[in-house]
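Everything on this sheet refers to the single structure shown next.
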C-alpha cells in the first residue's frame, strides 16, 4: 500500500463553481470534450476520421467529446496533431469554454437572486 492518498474520482456535474475544485475539474473535462467536438465538426470530420487521423479508437473519441473519459497528455498531443493545433491551443479552447460556462452560471444566479 502507498502512503499517498488516492485522489477522489471525478463526478460528472452540469455546472461548476470556483469554490468546488472537483466540480471545476469535471467541468474542464467536459469543456475539453466540447472543444474537441467543435473543432472536429468545423472540419466536417466524423469521429471515425478524427480517430484515424489521431490513431485513437472511435469510441474513445466519443467518450472524450461527452466528457466521460479524461484524455491523457499523450492523447491531447495526438488530438492536437490531428487537428493541426498545438496541445496548449487545444487545452486552452476547453478552458475558455469552462470560463464562459462559469460566467453564464454566475449571471443566472445573479438573476435568480
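Numbering (our numbering), first residue to last: 11 to 123. For every residue, glycine included, the Cβ atom is placed at its ideal position computed from N, Cα and C. Quick caveat, the model's predicted, so the values are computed rather than measured.
By how many angstroms is the C-alpha of residue 43 removed from the C-alpha of residue 51? Across the structure, residue 51 and residue 43 are spaced so that their CA atoms are roughly 12 Å apart.
Three-way DSSP call (helix, strand, coil) for residue 79 in this model: Note: residue 79 maps to coil in three-state DSSP.
Opening and closing residue of the alpha helix (DSSP H) in which residue 60 lies: Boundaries of the alpha helix (DSSP H) harbouring residue 60: 57 to 64, taken from the DSSP string.
So residue 63 packs on residue 92, CB below 8 Å; how close in whole Å? About 4 Å; that satisfies the 8 Å criterion.
If you run the structure through DSSP and keep just helix, strand and coil, what is residue 53? For residue 53, the secondary structure class from DSSP, reduced to helix, strand or coil, is coil.
For residue 41, which option in 55, 122 and 75 has the closest C-alpha, if you only look at C-alpha atoms? Closest by alpha carbon: 75.
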